[in-house]
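Notes for the one structure printed next.
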DNA sequence: ATTCATTTTATACTCATGGTACAACTTTTT
DNA sequence: AAAAAGTTGTACCATGAGTATAAAATGAAT
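Residue numbers (the UniProt record's numbering), protein chains in the order written: chain A, 1 to 302; chain B, 1 to 302.
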């Protein structure tokens with residue numbers, strides 16, 4: 001059942017890493033995971049959706065591990081930050097995500113682009129906050145600039161290193177090296193008092209991630225509004241998904257797995273209708289809600 | 001004749017910028033440039049080769065303009081460097097090359113990858129040398145590291161800025177901002193006396209670009225060696241190309257256009273044979289030889 | 001102006017791939 | 001055992017890269 005889906009994800013991920021996204025055909029995936037085409041399209045609406053699932057899994061994993069590593073540790077410890085970033089990069093590398101990110105970002109469809117961008121900005125936001133943790137409040141005006149520069153340096157270092165050497169250097173070395181540079185950059189910036197893209201980016205992130213701290217109530221409200229907008233002509237399936245989501249959210253202990261399972265069909269069932277955009281937006285909200293709540297669980301349980 | 005080829009290049013470049021490489025079909029190119037499929041494949045062996053031609057043109061242009069800008073100027077002037085890099089980025093942006101680079105680098109075929117990588121490392125090499133110009137001999141042990149970090153910072157800044165804002169900020173601002181960071185990074189590095197990837201990269205570049213200063217004599221020598229390795233079973237075409245190249249190189253005034261025209265068929269004619277790798281290597285040598293000589297002409301004429 | 005070679009076009013084809021449709025089969029649930 | 005859900009295999013469509021080739025246009029040489 002759901003095992004099948006994971007089986008497909010594992011197989012296709014392996015192939016994407018080995019051969020790249022474009023160079024992996026559906027047939028390759030079918031052969032590798034020993035399933036039929038019908039089954040594949042039963043779980044994923046397209047090859048892209050399959051990739052999105054893989055990316056999402058990677059980000060999820062990265063988020064979890066980032067959180068885990070900070071638990072009980074000093075947030076000001078630069079070594080912890082280095083390890084956190086290194087883990088992130090390791091996951092990216094292992095899963096060959098950065099290249100896939102980049103390659104999709106410009107040649108792929110808008111939907112994939114949207115997803116990748118969201119994850120990317122999310123990570124930037126995280127690093128900016130961590131930088132404030134470490135370098136103090138006075139670094140706040142420069143934290144986004146510093147985050148951008150840091151990721152830029154790390155990614156390019158990794159890139160070049162991957163090109164020129166075939167051996168497997170520990171990414172943590174690169175990250176530490178780059179953080180060293182940050183030690184030189186940030187004080188100089190603070191002294192000068194200038195900032196660059198930081199301001200715009202912060203505003204942008206605020207606008208695009210304001211729903212990050214989405215509450216259950218807000219979600220129900222949105223879904224109710226959406227539900228009322230549906231007319232008789234709409235698909236029965238869509239109505240049922242909507243109703244189920246509302247019901248699930250109102251339960252005492254929220255059945256996250258059910259919600260997670262329904263979000264995708266909910267979204268796809270409105271594809272091509274006039275509700276498509278709204279449904280997409282709500283689906284994103286729910287994703288963020290689940291993710292946020294997972295993180296909370298981890299934090300609470302420790 | 002050759003006009004036709006440029007016509008195709010211009011048209012397909014426009015389309016690649018607008019719609020992306022993957023999203024542009026051959027048919028689109030044919031419609032845009034008002035030629036037939038036959039003609040297209042008369043000039044380019046594939047869509048990839050067409051892209052390679054575009055990229056090569058862009059790099060060529062960037063090289064020329066970089067050179068032009070430095071003529072009669074103080075090599076130590078940081079503003080000149082900023083402008084040079086900005087021009088480079090501008091060309092990249094205008095032609096949408098960075099995204100294409102990235103997207104090809106990982107999902108494209110090995111040949112494209114090779115070409116892109118070569119250009120990339122070439123630019124890195126250039127920047128490293130410019131950094132030594134500006135920051136003096138003592139920066140030499142760190143110049144490659146600094147070049148990597150600089151490109152990383154610039155590209156990521158551009159990337160994020162492109163995502164979050166739709167208006168067209170002057171790239172020179174970003175470059176100047178990043179060079180500011182370099183002012184903080186390099187002295188700290190010099191003081192510490194550490195270097196990182198720099199050493200490896202320098203070695204790698206040396207190995208892979210040692211033929212950058214390839215002489216005519218060296219080329220003829222290589223070709224003769226290659227020619228002697230050919231046996232009767234080999235294709236007649238390949239033999240003729242080889243002989244023609246040797247003959248052309250020995251002429252008083254070297255017929256560059258002829259050589260340029262023959263390199264590609266020369267290379268492809270040995271595809272799939274046991275000489276493929278060697279032919280590829282020689283083809284690359286010749287490319288570099290032509291490029292180097294073009295640059296020299298420009299330098300001499302000023 | 002005629003001839004001959006090259007270039008260009010138009011058209012029709014092959015092949016690979018993403019995606020759809022569906023009837024038959026298997027497994028799980030009840 | 002029966003119904004429901006999941007799975008398979010097969011056949012199909014559309015698109016797009018690349019090949020093949022005969023006919024038409026172009027252009028230079030005699």
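Note that the Cβ used here is the ideal one computed from N, Cα and C, for glycine as well.
Just checking my contact of residue i with residue j at CB under 8 Å: how many whole Å lie between their CB atoms?
i	j	result
residue 29 of chain A	residue 11 of chain A	6 Å
residue 249 of chain A	residue 216 of chain A	6 Å
residue 200 of chain A	residue 93 of chain B	That belief does not hold up - the Cβ atoms of residue 200 of chain A and residue 93 of chain B are roughly 18 Å apart, past 8 Å.
residue 101 of chain A	residue 124 of chain A	13 Å between Cβ atoms; not a contact.
residue 182 of chain B	residue 286 of chain B	Contact flag wrong, Cβ pair sits at about 36 Å.
residue 19 of chain A	residue 26 of chain A	In fact, because the Cβ distance is near 13 Å, the residues do not count as touching under 8 Å.
residue 55 of chain A	residue 97 of chain A	6 Å
residue 282 of chain B	residue 235 of chain B	Actually they do not touch by this definition, with Cβ atoms about 16 Å apart.
Please list, in chain order, the chain A residues whose beta carbon lies closer than 7 Å to that of residue i.
i	result
residue 349 of chain B	Here chain B comprises residues numbered 1 to 302, so residue 349 of chain B is not present and cannot be evaluated.
residue 90 of chain B	Residues of chain A passing the Cβ test: none, with the nearest at roughly 18 Å.
I want to verify the contact list: residues of chain B whose CB lies under 7 Å from the CB of residue i, in sequence order.
i	result
residue 282 of chain A	Within 7 Å Cβ-Cβ: nothing; residue 282 of chain A doesn't reach chain B, min ~23 Å.
residue 28 of chain A	None at all; the shortest Cβ gap to chain B is about 14 Å.
residue 127 of chain A	Within 7 Å Cβ-Cβ: nothing; residue 127 of chain A doesn't reach chain B, min ~12 Å.
residue 181 of chain A	149, 185
residue 188 of chain A	184
residue 177 of chain A	196
Between residue i and residue j, is the Cβ-Cβ spacing less than 7 Å?
i	j	result
residue 170 of chain B	residue 75 of chain B	no
residue 269 of chain B	residue 238 of chain B	yes
residue 206 of chain B	residue 142 of chain B	no
residue 197 of chain B	residue 161 of chain A	yes
residue 80 of chain B	residue 73 of chain B	yes
residue 131 of chain B	residue 146 of chain B	yes
residue 139 of chain A	residue 186 of chain A	yes
residue 172 of chain A	residue 82 of chain A	yes
residue 154 of chain B	residue 116 of chain B	no
residue 59 of chain B	residue 119 of chain B	yes
residue 33 of chain A	residue 7 of chain A	yes
residue 85 of chain A	residue 175 of chain A	yes
residue 262 of chain A	residue 241 of chain A	yes
residue 257 of chain B	residue 290 of chain B	no
residue 112 of chain B	residue 48 of chain B	yes
residue 62 of chain A	residue 9 of chain A	no
residue 135 of chain B	residue 202 of chain B	no
residue 5 of chain A	residue 43 of chain A	yes
residue 184 of chain B	residue 276 of chain A	no
residue 148 of chain B	residue 157 of chain A	yes
Just curious, the alpha helix (DSSP H) that residue i is in, first and last residue?
i	result
residue 227 of chain A	216-229
residue 152 of chain B	143-164
residue 186 of chain A	171-192
residue 46 of chain B	Segment: none, residue 46 of chain B is in no alpha helix (DSSP H) and carries neither H nor E.
residue 269 of chain B	256-269
residue 73 of chain A	Unbroken run through residue 73 of chain A: none, as it is neither H nor E.
residue 248 of chain B	236-250
residue 33 of chain A	26-33
Report the neighbours of residue i on chain A: residues whose CB is nearer than 8 Å to its CB, in chain order.
i	result
residue 117 of chain B	163
Using the beta-carbon of each residue, which ones in chain B are nearer than 8 Å to residue i?
i	result
residue 201 of chain A	160, 164
What residues from chain A crowd round residue i, counting only those whose CB sits closer than 9 Å?
i	result
residue 155 of chain B	152, 155, 156
residue 257 of chain B	Neighbours of residue 257 of chain B on chain A: none; closest Cβ ~32 Å, over 9 Å.
Name, please, each residue of chain B whose Cβ falls closer than 9 Å to the Cβ of residue i.
i	result
residue 204 of chain A	163, 164, 165
Quiz item: Of all the residues that make up the segment 221-243 of chain A, which are near chain B by a beta-carbon distance shorter than 7 Å?
Solution: Shown here is that no member of the segment 221-243 of chain A has a Cβ falling below 7 Å from a Cβ of chain B.
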